[in-house]
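Numbering (my numbering), first residue to last: 4 to 750.
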C-alpha cells in the first residue's frame, strides 16, 4: 500500500491540449539522401514522411503520450511534446536528432599497409575507431573502409542494450529481419578473416574480424557507451532515419485548447457529474447515495492509477472518463433494477440483494468485457490519441466493475449485518411497459440506412476533402508577432470564420526568451484571410505576419491506419466473443449495430458542417464502447427469457425483454446524455464538436440496440425461437421447478 501511495502521489500528466509543453523544429539534411534520387521532389517528400513516422515511433518509445508531429514546410518537422522535465528534454533531444543510420561495410584487406603508405584506394575512405584501454586512455585506430555498405539499418528488426561478458560494459545487440539475415550470412560467408566495419551515423564504432559465417542474423555494436547512451542507441536503431536531422529551434508552447476552453471543460465535467449524481440520489434514494459514493471512489481510483502508470490526460482521455462514468452508473442501475424485481417477487431484503447482484453479474461482465476487448486492442494496435484513449478506457472500465460489484456489495452486506438495511425504496419511472417495439422494425431499419446514405453521401460527394480538419489535412502554418495577447478562444472564433472551423492555435516563445509569438494552423490558402480578420477584429493587438509555411497533418497516415485497423479488430473480437457467449446471429447483430452507429454519427457530423479532427476519432471510438454495452444488456435479457421459457413467439420474447430493460435503458442513456450535454452546452470549440459527436452516438447507440441489433437477430431466425439451451419450467404441487435443459426449436 505504501508503494502504491508513493507511485500515485504525483500529479496527473496533462497533454499538449491541456497544459502545453515543448516544441522542437527539426530540419532534415536531404543532401545526404541517395545522390541518384536527391533531386527528385517525390523522393524527398517520401523521406520526410518516413522521418515523421520514425520520429513518432521514437517519441512513443520515450513514453511521451499524445505528441504532435507534423511536417512544417520545406524539409522541416515540428514536434511538440507535453510537460517535459529538463532530463526528459535532454533525452528527447538525443532521440530526435540522432539519425541512427547503421551501415555494415567491409574493411580493405590491406588496410594497415596502405594507411602506412598514405594510400587511399578509390571506393574507400579513411575512418578511425576510438578505443579506451584499461587505464582509461583513448586512442584512435585508423581503417580503410569501403564507401559502399554491404547492409544498412533498414533491415534491423530489433535492438536492445546488453553488457559485455568480460568487462561488463554496455553494448547494443541488434537482430536483422529475414532479408537482412540472408544478406548478412552471405557477406560473412564470402569474407571470412576480413574485418567488417560497423558504422553509425558516419562514425566507425568497431571493426570486428569475421571468424565464420553468421547465419543467425544478429550482431553486436561495441563502443564507449554508458548505460543511458546504449539504451538510447538501441531505441533509435529500431527506427533509423534515411538522412541526418538537427534541431533548428526549441520553444515553450501554451495549451492548444486555450484557458477558457479548459475552464469551460472543467465546469462542464463538474456540472455533468453533479447532474448524474443528483439524478441517482433522487431516483434511487439511499441506494443512489451508495452508488454515488462508489462513483466518487471510482474517479479517485481512476486518477490514482493514471498517476501510477504515468498516463497523460488529454481531451480524448476525458472521452474515456465520460464513458467510464456512464458504465459505472449503468452497472449500478442494472443491479438496482434487478433488486427491485426480486423485491417485487416477494423476496426478503437479503434474498433480493443476493439475487440482484447474482443476476446482474453476467450482464455487467459481458458488457464490460466486450468494451475491454476494444480498449485493449486500441492500446496494442493504436498510436497517439487512439492509444491514449484505450489506456484511459481500460483503466476506467476495470475500476468501475470493481466499485459497482465489490464496493457497493460490501456496503450493503455490512448494513444488513448491522440490521440497518430494512428496505430499499426507489422511484419507478417505467411501470408495466408493454410496447411492441419490433412492430416498427422494418420501417426503422430502412429509414436508418437511408439517413446514413444521405449523411455519408453529403460528406463524401458534396463536402469532399472539406470535411477534414487541419489535424487530418494539414494547412497553412502562420507565425505572428503582437503587442497585446488575445484569448485563444476569441482567436479561434475569428479564425473559424475566415478559414477552418477548428484551427490549431498556440502561443509560444523561444527557450530563454521573454517574447511570445502566435502560431496558427488553419486551412490551405486561408492564411491571408485569417491575418486580415485578426487585424480587423483585434487592432489593439497589432498582429504582424512573420512567416508562413505549409504544414502536414498531425494525425498522420500511421495513426489513421492504426485507428481503422484497431476498430476493425475490436469489432472482430466482439464478434467472436458474442458468438461464443450467445449465438452467431447475436454477434452479427451487435457488430452491424456498431457499424450503423459509427456511420450515422459521422453522417450527422458531416451534415452539420463540422470538420473531422483528432478528438473526434476518440469520440467515435467511445461510441463503439457505448453501443456494444447497451446491446449486450438487451441480448442478455433476451437469452435469460428464452432459458426461462417465456411464452410466445420469438418476437414476443424479444419485446418482453426490451420492455423489461426499458427503465435501465432510459436511465443509463439519460445519465450519460446529461454528462455529455453539459460538455456540449458549456464546452467550446473542439470540446463542443466532441460532445456533439458523442450525443449523436448515445442516441443512435440506444436506438440501434433495438431496431438494428435486435431486429437483425429476429430476422436471422425468421421469427422462430433459436436454440438457446432453454430451461422448461414445470408446474408442480410445490410450485415452479426447473426440471431439464434441452436444445430445441420452440414454436
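Glycine included, C-beta positions come from ideal geometry on N, C-alpha and C.
Computed from a predicted structure; not experimentally measured.
Contact check, residue i vs residue j, beta carbons under 7 Å
i           : j           : result
residue 200 : residue 256 : no
residue 596 : residue 701 : no
residue 547 : residue 468 : no
residue 653 : residue 720 : yes
residue 187 : residue 156 : no
residue 714 : residue 464 : no
residue 29  : residue 80  : yes
residue 703 : residue 603 : yes
residue 391 : residue 382 : no
residue 458 : residue 607 : yes
residue 638 : residue 706 : no
residue 162 : residue 685 : no
residue 182 : residue 225 : no
residue 439 : residue 497 : no
residue 482 : residue 550 : yes
residue 616 : residue 472 : yes
residue 486 : residue 545 : yes
residue 55  : residue 370 : no
Closest Cα partner of residue i within the set the options
i           : options               : result
residue 288 : 617, 622 and 426      : 426
residue 18  : 407, 70, 368 and 266  : 70
residue 281 : 611, 294, 271 and 270 : 294
residue 553 : 476, 88 and 617       : 476
residue 507 : 525, 163 and 113      : 525
residue 571 : 329, 601, 587 and 183 : 601
residue 409 : 346, 301 and 49       : 301
residue 480 : 634, 125, 297 and 529 : 529
residue 345 : 335, 358 and 336      : 358
residue 228 : 119, 178 and 134      : 134
residue 656 : 441, 569 and 94       : 441
residue 423 : 21, 335, 290 and 538  : 290
residue 643 : 456, 366, 21 and 91   : 366
residue 206 : 184, 150, 165 and 166 : 150
residue 129 : 111, 350, 217 and 138 : 111
residue 22  : 511, 122, 538 and 542 : 511
residue 176 : 197, 170, 223 and 208 : 223
residue 208 : 159, 108 and 62       : 108
residue 351 : 83, 542, 419 and 304  : 419
residue 185 : 54, 198, 158 and 106  : 158
Same chain only: Cβ atoms within 6 Å of residue i, ignoring 5 sequence neighbours per side
i           : result
residue 433 : 665 and 666
residue 532 : 501
residue 3   : Given a span of 4 to 750 for the chain in the structure shown, any question on residue 3 remains unanswerable.
residue 413 : none
residue 590 : 578, 581 and 582
residue 38  : Only weak support is given to the placement of residue 38: the predicted model assigns it a pLDDT of 49, under 50, and the question is left unresolved by the model.
residue 462 : 470 and 609
residue 41  : Reliability of the predicted coordinates at residue 41 is poor, the pLDDT of 45 falling under 50, and no value is obtained from them.
residue 747 : Confidence at residue 747 is low in this model, with a pLDDT of 33, below 50, so its placement is unreliable and the value that follows should be read with caution. None.
residue 327 : 399 and 403
residue 32  : 246 and 247
Proximal residues to residue i (C-beta, below 7 Å), its chain only, five neighbours per side dropped
i           : result
residue 333 : 632 and 671
residue 752 : Because residue 752 is not part of the residues shown, which for the chain are 4 to 750, the question remains open.
residue 431 : none
residue 649 : 656 and 659
residue 384 : 565, 568, 569 and 572
residue 114 : 146 and 147
residue 166 : 172, 173 and 174
The ligand NAD heavy atom lying under 6 Å from the CB of residue i
i          : result
residue 49 : As for the ligand NAD, it is missing from this structure, which has no ligand bound.
8 Å contact criterion, which residue i and residue j should meet: CB distance rounded
i           : j           : result
residue 676 : residue 645 : That belief does not hold up - the Cβ atoms of residue 676 and residue 645 are roughly 30 Å apart, past 8 Å.
residue 693 : residue 618 : 5 Å
residue 338 : residue 284 : No, residue 338 and residue 284 are not in contact; Cβ-Cβ is about 16 Å, not under 8 Å.
residue 143 : residue 131 : 4 Å
residue 65  : residue 95  : 6 Å
residue 15  : residue 316 : 5 Å
Chain-order list of residues whose beta-carbon lies under 8 Å from that of residue i (same chain, five-residue window excluded)
i           : result
residue 215 : 191 and 195
residue 611 : 695
- Message: With three or more C-beta pairs closer than 8 Å as the rule, is the segment 232-239 touching the segment 98-110?
- Response: yes
- Query: Do the segment 359-368 and the segment 653-662 make contact, defined as three or more Cβ pairs closer than 8 Å?
  - Reply: no
- Message: With three or more C-beta pairs closer than 8 Å as the rule, is the segment 370-382 touching the segment 627-641?
- Response: yes
- Three or more beta-carbon pairs under 8 Å between the segment 270-284 and the segment 678-687, yes or no? yes
- Message: Could you check whether the segment 304-311 touches the segment 400-408, counting it as contact only if at least three pairs of C-beta atoms, one from each stretch, sit closer than 8 Å?
- Response: yes
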